[in-house]
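For the sequence shown, this note's numbering begins at 367 and goes up steadily by one. Beta carbons: idealized from backbone N, C-alpha and C, even for Gly. A short write-up of the structure that comes next.
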Amino acid sequence: MTTWIVGDIQGCDASFAALLSEIGFEPGRDDLWLAGDLINRGPDSLGVMRRVLSLGESVNAVLGNHDLHFLAVALGARKLKRKDTFGDILAAPERDRIIDWLRERPMLHTFDERQVVLAHAGLPFMWTVETARMRASALEATLRGSHAAAFLKAMYGDLLCHDYEAASEQEYQIVTTNYLTRMRFLDAEGRMDFTAKETVEQAPPGFRPWFEYPRPDTWTLVFGHWAALEGHTGLPRFVATDTGCVWGGSLTAWCLETGERVSVPAQEKPAWN
Numbered sequence: 367m368t369t370w371i372v373g374d375i376q377g378c379d380a381s382f383a384a385l386l387s388e389i390g391f392e393p394g395r396d397d398l399w400l401a402g403d404l405i406n407r408g409p410d411s412l413g414v415m416r417r418v419l420s421l422g423e424s425v426n427a428v429l430g431n432h433d434l435h436f437l438a439v440a441l442g443a444r445k446l447k448r449k450d451t452f453g454d455i456l457a458a459p460e461r462d463r464i465i466d467w468l469r470e471r472p473m474l475h476t477f478d479e480r481q482v483v484l485a486h487a488g489l490p491f492m493w494t495v496e497t498a499r500m501r502a503s504a505l506e507a508t509l510r511g512s513h514a515a516a517f518l519k520a521m522y523g524d525l526l527c528h529d530y531e532a533a534s535e536q537e538y539q540i541v542t543t544n545y546l547t548r549m550r551f552l553d554a555e556g557r558m559d560f561t562a563k564e565t566v567e568q569a570p571p572g573f574r575p576w577f578e579y580p581r582p583d584t585w586t587l588v589f590g591h592w593a594a595l596e597g598h599t600g601l602p603r604f605v606a607t608d609t610g611c612v613w614g615g616s617l618t619a620w621c622l623e624t625g626e627r628v629s630v631p632a633q634e635k636p637a638w639n
């Protein structure tokens, strides 16, 4: 059995199919984990989700910011935006099955036997792995519960960038969401910057990439979300899997057991075209 972790697919189903073929993925023998942002911006979000569902128990995923945005729209907490490309899912006969599948996904997953953590954006340096598990678990319960729509409606905005800005349990969970799905640059106190999305060299004054700060553990952290890194952090224990497929780059899989990386060129036109 081989376990593969795949970076942001973002509705690029042709690239997803090509990557599965390239790694020789066999459902029932191999396991597949997706690093979040399965859908949106690319041309075939429905195709991605149909392929995911067809793989049954062999596939799982952590949620990314685009997946949460889809759930917000699907549950009536947010309106479809002009650039959203998941309208095909909302109109599909499998709509409810896809919504339910996504709501049941974790925000974080640990491969304990190998001391590897998977989260869409990563983990802030202040959190131990156990802290991350506890915060992710509380957030997952909210997303699966009866107040999910209210939470998703409140989730948007750039004001909650650190725990000390949270004045309620809901705001505390929004901070958790931001760390797990939106984080890129942090300052020395762990405050997030939501404006900078480009390369490490373009960090705002006083901020550094989250993975450059010392951590209280030796776990390997695998993440997606940050396409501008082009899959490189310069630090072996921080594994970037988003290689910008939706922007015309490539789609990448990382092997849990060996550390091998396999990429295929994007099969779709870049999203800005």
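Give the single residue among the options whose Cα lies nearest to the Cα of residue i.
{"i": "N406", "options": "L622, H513, C378 and P459", "result": "C378"}
{"i": "A593", "options": "T609, A487 and D583", "result": "T609"}
{"i": "D433", "options": "E626, A504, R501 and I455", "result": "I455"}
{"i": "C621", "options": "R395, W399, A384 and I375", "result": "W399"}
{"i": "L525", "options": "A443, F560 and R480", "result": "F560"}
{"i": "G394", "options": "N544, G625, P570 and N426", "result": "N426"}
{"i": "T451", "options": "L595, F477, D410 and R463", "result": "D410"}
{"i": "R550", "options": "D478, A569 and Q481", "result": "A569"}
Less than 8 angstroms between the C-beta atoms of residue i and residue j, yes or no?
{"i": "W467", "j": "L419", "result": "yes"}
{"i": "A520", "j": "I540", "result": "yes"}
{"i": "W585", "j": "V439", "result": "no"}
{"i": "A632", "j": "S381", "result": "yes"}
{"i": "H591", "j": "R557", "result": "no"}
{"i": "R469", "j": "A507", "result": "no"}
{"i": "F583", "j": "T497", "result": "Residue identity check: residue 583 is Asp in the sequence provided, not Phe. In this structure, T497 does not lie closer than 8 angstroms to D583 by Cβ."}
{"i": "L546", "j": "A487", "result": "yes"}
{"i": "V630", "j": "L385", "result": "yes"}
{"i": "H435", "j": "R448", "result": "no"}
{"i": "T542", "j": "R510", "result": "no"}
{"i": "L421", "j": "I465", "result": "no"}
{"i": "P580", "j": "F491", "result": "yes"}
{"i": "R416", "j": "E460", "result": "yes"}
{"i": "I389", "j": "V628", "result": "yes"}
{"i": "L587", "j": "L489", "result": "yes"}
For residue i, which residues of its own chain have a beta-carbon under 7 angstroms away from its beta-carbon, when the five flanking residues on both sides are left out?
{"i": "D397", "result": "M367, T369 and S424"}
{"i": "E392", "result": "none"}
{"i": "E634", "result": "C378, A380, S381, G408 and P409"}
Ordered along the chain, which non-local residues of its own chain (more than five positions away) have a Cβ less than 6 angstroms from that of residue i?
{"i": "H475", "result": "V428 and L484"}
{"i": "I375", "result": "F382, L404 and V414"}
{"i": "R603", "result": "T586"}
To the nearest whole angstrom, what separates the beta carbons of residue i and residue j, a pair I think is in contact under 8 angstroms?
{"i": "G408", "j": "G430", "result": "In fact, because the Cβ distance is near 13 angstroms, the residues do not count as touching under 8 angstroms."}
{"i": "A458", "j": "L412", "result": "5 angstroms"}
{"i": "W576", "j": "L552", "result": "5 angstroms"}
{"i": "A619", "j": "V372", "result": "5 angstroms"}
Quick one: residues in its chain with C-beta nearer than 8 angstroms to the C-beta of residue i, no 5 flanking neighbours on either side, listed in chain order?
{"i": "G572", "result": "D553 and A554"}
{"i": "Y538", "result": "D529 and A532"}
Start-end ranges of the alpha helix (DSSP H) lying completely within the segment 473-519, minimum 4 residues: For the segment 473-519, whole alpha helix (DSSP H) runs of length 4 or above, ordered along the chain, are 495-510.
Whole alpha helix (DSSP H) elements within the segment 525-603, 4-residue minimum: The segment 525-603 contains these whole alpha helix (DSSP H) runs: 535-547.
Completely contained alpha helix (DSSP H) runs for the segment 378-436, where each covers 4 or more residues: As far as the segment 378-436 is concerned, its whole alpha helix (DSSP H) runs of at least 4 residues are 379-388 and 411-420.
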